[in-house]
Amino acid sequence: MRAFAYHAPASLAEAVAILRREGPGGRVLAGGTDLLVQMKERGTVPRCVVSLRAVADLSHVSFQPGRGLVIGSRASLTDVITNPIVRERYPIIVESAGLVGSHQIQNLGTVGGNLCNAAPSADTAPPLIALGAILRLHSDQGQRDLPISEFFVGPGRTALGEGELLSEIIVPAPHAHSGGSYERYTPRQEMDIAVASVASFVTLAPDGTVVHARIILGAVGPTPLHAHAAEAELIGKKPTGEIIEAAASAAVSDARPISDQRGSESYRKHLINVLTRRTLTRAIVSAQG
Ligand SMILES: Cc1cc2nc3c(=O)[nH]c(=O)nc-3n(C[C@H](O)[C@H](O)[C@H](O)COP(=O)(O)OP(=O)(O)OC[C@H]3O[C@@H](n4cnc5c(N)ncnc54)[C@H](O)[C@@H]3O)c2cc1C
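Numbering (the working numbering), first residue to last: 2 to 290.
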C-alpha cells in the first residue's frame, strides 16, 4: 500500500485544522469499515487520514429537548442501536442500523461513516431522510447545518466541502401519532447490501387522516430518492388498503433503478412496490398506536 500521513487529533478544532492544512486528498477515518476496505482492496489510498478515534466530543448519543436526538459522528452503530431513547422514540433508526453488516461491523462502524460513504444502498440514509435529519458540518471556518436531503450528490459523493467534516446528526422528535418502518431486500439474510430498500414515515391526524408522509427509496438511483408521487397518494386521505396499493404503485414511478449483477431494473421496480406496501402498512399501524 502507498504511504500516507496519519493523524489522530484529540479535538474537533484540531481535526478541522489538520484537514485544512493538508489540503485536498485528506480523508476522515471513523470506524474504517468502508475506508480501510477501499484502501486495502481497491488501492484508493488518500494522501492523509485524519482519525476521529481520539476526538472525545463526537461520541455522544443524547436527546436534547427542543433539538431532538443528537448523534455524534464518532458514536458507533452499536452505541446508537443500544441507546434506550433511540429504541423508544426512533425505532426506525434501530431497525436500519441493526441491518448493517454484523455485530463486529456495528461495534466499529458509525452512522456518520455510513452517510459520508454515500453508497446508494447505505441502510441508515433512507430512515434519516424520512425523519428529516439535519447534518452539522464543521470546518476551520465554522459550522453549518444542512438538511440531509441535500447531502447526497451522487454515488460516493456528498455536499461536504474541502476541509469539512460531519460532526453531528440531529434528528427532530417525531410528532404524536407518527410511525415509521424500514425494510431492504438482500439475497442473503446477513452480510449483504440492499438490492432495493424503502423507508416509510407517516403522521396521522386524530381522525386517522395522513397529514405527513415521507417515503424514501434506497439503491434504486444514484442517491436515496424521495418518492413524491407515492407521498401525494397518501396526504389528506385515510390510509385504506387501496390507498396503500396506489402509493406502492406510484413509488415504482419514482424509482430510477439500473440493471446490474445484483438485480435487473424490472426486478428492482417490483421490489420497490412490495417494500413500499410493507413498510407503509407497518408505519401506519405504528402511528395508529
Ligand atoms: C463486511 C461488511 C458488511 C457491511 N454491511 C453493510 C450493510 O449491510 N449496510 C450498509 O449500509 N453498509 C454496510 N457496510 C459498510 C460500512 O460498514 C458502513 O457504511 C459503516 O456505517 C461505515 O462507517 P465507518 O465509521 O466504518 O466509516 P469509515 O470507513 O470510517 O468512513 C467511510 C467514509 O466516510 C468518510 N467519513 C467517515 N466519517 C466522516 C465524518 N465524520 N466526516 C466526514 N467524512 C467522514 C470517510 O472518509 C470515508 O470516505 C459493510 C461493510 C463491511 C466491511
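Every residue, glycine too, gets a C-beta built ideally from N, C-alpha and C.
Any non-hydrogen atom of ligand 1 within 7 Å of residue i CB
i	result
V29	yes
S287	no
G73	no
C49	no
V38	yes
I194	yes
N115	yes
S140	no
N118	yes
L78	yes
D255	no
L129	no
L167	yes
L161	yes
D261	no
L53	yes
A123	yes
Residues of its chain near residue i, where Cβ-Cβ distance is below 7 Å and the 5 sequence neighbours each way are ignored
i	result
T282	I245
R279	E184
R263	V196
I19	H8, P10, V51
N-terminal and C-terminal residue of the alpha helix (DSSP H) that residue i is part of
i	result
V286	266 to 288
G114	112 to 118
Q262	Note, Q262: premise wrong, no alpha helix (DSSP H); not H, not E.
I333	Lying outside 2 to 290, the shown extent of the chain, residue 333 is not represented and no answer is given.
V81	78 to 82
A107	Residue 107 is actually Gln in this sequence, not Ala. First-last of the alpha helix (DSSP H) with Q107: 104 to 109.
S60	Premise fails: S60 is in no alpha helix (DSSP H) and is neither H nor E.
V38	36 to 42
D193	It is not in any alpha helix (DSSP H) - D193 carries neither H nor E in the DSSP assignment.
E246	242 to 255
V101	Careful: V101 lies outside any alpha helix (DSSP H) and carries neither H nor E.
I236	Element bounds for I236: n/a, residue is neither H nor E.
R3	It is not in any alpha helix (DSSP H) - R3 carries neither H nor E in the DSSP assignment.
E89	85 to 90
Terminal residues of the beta strand (DSSP E) in which residue i lies
i	result
I170	166 to 172
I135	135 to 140
S52	49 to 52
H213	211 to 219
A11	Per DSSP, A11 belongs to no beta strand (DSSP E) and is neither H nor E.
R28	27 to 30
R185	179 to 186
I72	69 to 73
V203	197 to 205
Own chain, CB closer than 6 Å to residue i, minus 5 neighbours either side, in chain order
i	result
H176	T204
G133	P173
S150	I130
M40	V46
R269	A197, V221, P258
Closest Cα partner of residue i within the set the options
i	options	result
L70	E89, A55, L272, S52	E89
A206	K238, L136, P128	K238
E163	A11, D208, R21	R21
N108	V38, T241, D193, T83	T83
L13	Q144, A247, Y91	Q144
A120	P156, E151, P85	P156
A251	Y268, A18, S260, E232	E232
A228	A160, L235, I217, V286	I217
H93	A6, S201, T34	Checking the sequence, you will find Ile at residue 93 rather than His. Closest option to I93, Cα to Cα, is S201.
L37	L272, R215, V51	V51
V275	S198, I285, E42	S198
S254	L166, H271, T241, E243	H271
G27	S97, P85, L166, H104	L166
A249	S260, D261, E234	E234
V212	M192, P240, S60, A230	P240
P127	F152, Q105, I106	F152
S335	E169, A98, D208, V29	Nothing about residue 335 can be read from this structure; the chain reaches only from 2 to 290.
Supposed close pair residue i, residue j - CB separation, criterion 8 Å
i	j	result
V101	V95	11 Å between Cβ atoms; not a contact.
A256	G222	7 Å
R3	V56	Wrong, their Cβ atoms sit about 26 Å apart, outside the cutoff.
A11	G180	Contact flag wrong, Cβ pair sits at about 41 Å.
A6	R48	7 Å
S74	T111	6 Å
S103	E191	7 Å
Contact test: residue i Cβ vs ligand 2 heavy atom, cutoff 7 Å
i	result
T111	Ligand 2 is not part of this structure, which contains only ligand 1.
Close beta carbons around residue i, own chain, < 8 Å, minus the five adjacent residues each side
i	result
D146	I135, L136, R137, L138, I171
V154	A119, A160, T224
V286	G180
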